[in-house]
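For reference, the structure is listed below as structure tokens.
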Amino acid sequence: MAGSTPMLTVLMFHGLVRDIPEYSVYRGSRTCLIRQRDFDSCVGWCARNRRIISQQDLPKYLRGEATEPGVLITFDDSLASVVDLAVPVLQKHGATALVFVTTGWVEGKVTPLIFHLERDLWDSPPQRLDVRLGDAEYSVAINGRAGVRAAIAGLWNRCFAARVAPLLLRAEWIRFDGRPWEPDPARQERHVWFPATWSELSQAARDGVLEIGAHGDTHTPWSWLSDDGRRREIAEPRERLRAMIGAEVRACSYPHGMYNDAARGAARQHYEFAFTNVGRPLRDDPADLLPRFHVPGERPVLMDAILKYPLAGRVLRKAALMAGAR
Ligand SMILES: [Zn+2]
73 MAGSTPMLTV LMFHGLVRDI PEYSVYRGSR TCLIRQRDFD SCVGWCARNR RIISQQDLPK
133 YLRGEATEPG VLITFDDSLA SVVDLAVPVL QKHGATALVF VTTGWVEGKV TPLIFHLERD
193 LWDSPPQRLD VRLGDAEYSV AINGRAGVRA AIAGLWNRCF AARVAPLLLR AEWIRFDGRP
253 WEPDPARQER HVWFPATWSE LSQAARDGVL EIGAHGDTHT PWSWLSDDGR RREIAEPRER
313 LRAMIGAEVR ACSYPHGMYN DAARGAARQH YEFAFTNVGR PLRDDPADLL PRFHVPGERP
373 VLMDAILKYP LAGRVLRKAA LMAGAR
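So for the sequence shown, our numbering puts the first residue at 73; every next one is plus one.
So, in structure tokens, the structure goes:
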């Protein structure tokens with residue numbers, strides 16, 4: 073039926089900001105950050121038009137026994153801005169969200185260098201950027217700020233091609249105009265890719281507003297892992313999270329949305345639910361490959377135009393069309 077409402081739509085967010093910084097151009101063409109007021113309008117729309125579910129409702133939806141169209145709100149990467157800016161909005165609307173925690177990121181207490189690089193390139197673009205990626209080298213000429221987005225997008229792509237996890241990029245691999253890049257370690261902005269702490273996450277879990285899931289230890293794509301890597305990135309984070317949060321961990325999401333048969337097998341062995349980044353509503357998907365819509369997934373410059381329509385309404389309308397088109 074064209075336009076029928078899907079029974080379950082899962083939304084994927086990352087971080088919130090009061091305003092999107094000019095330099096934030098994750099992968100060149102889109103940002104993973106959403107303004108708090110847009111998130112508020114999105115959750116408000118969901119609360120009025122759908123049932124906002126928690127993971128304990130999931131089995132009913134997966135079995136096709138649910139009677140009300142539902143939305144599950146998820147966050148990847150466990151950022152501090154989720155605690156500061158999303159939690160109050162969720163509480164205001166009586167909603168909960170499932171947060172997928174990257175354990176090593178929480179323990180490292182710093183913004184991964186690739187986001188500092190993004191900002192430094194924007195603030196003072198060099199003529200040339202060189203990055204050593206294992207045996208490969210990424211070299212790009214940058215012609216002022218206009219070239220920064222393409223350079224960052226190219227870097228993400230080359231990281232994946234060279235199988236170097238982008239969030240593990242190291243300063244000593246990077247040169248600006250042939251000179252070593254020296255990021256300022258003191259510049260940590262709490263609302264730009266900075267992780268939440270264990271105590272903040274456990275408090276939000278105790279308050280019943282956040283549920284906690286797993287998202288690896290180092291954010292290395294799970295499709296790249298050896299047996300040993302799967303133990304460290306898939307199995308052990310579940311125990312670590314249980315110890316630190318004091319609650320059962322039932323769900324995970326694939327870092328960068330990347331998986332293979334071995335990763336799926338490990339996810340199934342340790343978790344009841346595993347989420348991908350495939351942007352469509354739930355159909356009869358297996359519990360280890362649950363689709364999610366990335367929000368906003370749009371260029372910052374388009375956000376105002378998009379918000380002439382309620383953001384969630386737009387996403388969910390698209391979801392309805394896609395459900396009808398199956
Ligand atoms: Zn992630």
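We treat Cβ as the ideally placed atom computed from N, Cα and C, and that holds for glycine.
(message) Please tell me whether Leu-170 and Gln-128 are closer than 8 Å, where the distance is taken between their beta carbons.
(response) no
(message) Please tell me whether, using a cut-off of 7 Å, the distance from the CB of Pro-267 to the nearest non-hydrogen atom of ligand 1 is below it.
(response) no
(request) Assuming Pro-197 and Ile-214 form a contact by the criterion Cβ under 8 Å, report the distance between their Cβ atoms to the nearest whole angstrom. (result) 5 Å
(request) Verify the contact flag: His-291, CB atom, against every heavy atom of ligand 1, threshold strictly below 7 Å. (result) yes
(message) Which same chain residues end up closer than 7 Å to Arg-340 when comparing Cβ atoms and leaving out the 5 residues on each side of it in sequence?
(response) Asp-360
(message) Assess contact between the segment 264-283 and the segment 300-311, defined as three or more Cβ pairs (one per stretch) separated by less than 8 Å. Is contact present?
(response) no
(message) Tell me the DSSP secondary structure of Gly-100 in three-state form.
(response) For Gly-100, the predicted structure reports a pLDDT of 41, less than 50, and the residue's modelled location is therefore unreliable. A value from the coordinates is still provided. Gly-100: helix per DSSP, three-state reduction.
(message) Check whether the segment 281-293 and the segment 246-263 are in contact - that is, three or more C-beta pairs closer than 8 Å.
(response) no
(request) Could you tell me the distance, in whole angstroms, from the CA atom of Ile-145 to the CA atom of Gly-329? (result) 16 Å
(request) State the Cα-Cα distance for the pair Pro-78 and Pro-353, rounded to the nearest angstrom. (result) 6 Å
(request) Measure from the alpha carbon of Thr-139 to the alpha carbon of each residue in Leu-80, Lys-181 and Ala-119, then state which is nearest. (result) Leu-80
(message) Along the chain, where does the beta strand (DSSP E) containing Phe-266 start, and where does it finish?
(response) It is not in any beta strand (DSSP E) - Phe-266 carries neither H nor E in the DSSP assignment.
(request) Consider the C-beta atom of Pro-238 and the heavy atoms of ligand 3; say whether any pair is separated by less than 7 Å. (result) By its list of ligands, the structure shown excludes ligand 3, since it contains just ligand 1.
(request) Would you identify the three-state DSSP class for Pro-372, choosing helix, strand or coil? (result) Unreliable positioning characterises Pro-372 in this predicted model, as indicated by a pLDDT of 38, which lies under 50. A coordinate reading is not provided.
(message) Checking 8 Å against the spacing of the C-beta atoms, do Ile-125 and Gly-142 come in under that value?
(response) yes
(message) My output table needs one value for Gly-329: the three-state DSSP class, helix, strand or coil.
(response) helix
(message) Please classify Asp-192 as buried or exposed, where buried requires at least 16 neighbouring CB atoms within 10 angstroms.
(response) buried
(message) In chain order, what are the residue ranges of uninterrupted alpha helix (DSSP H) at least 4 long that sit wholly in the segment 231-305?
(response) 270-278 and 299-302
(request) Note the first and the last residue of the continuous alpha helix (DSSP H) segment covering Glu-308. (result) 308-317
(request) For Glu-261, I'd like the list of residues in its chain whose CB is within less than 8 Å of its CB, leaving aside the five on either flank, ordered along the chain. (result) Thr-183
(message) I'd like the list of long-range same chain contacts for Trp-177, defined as Cβ closer than 6 Å, with 5 residues on each side in sequence excluded.
(response) Pro-267
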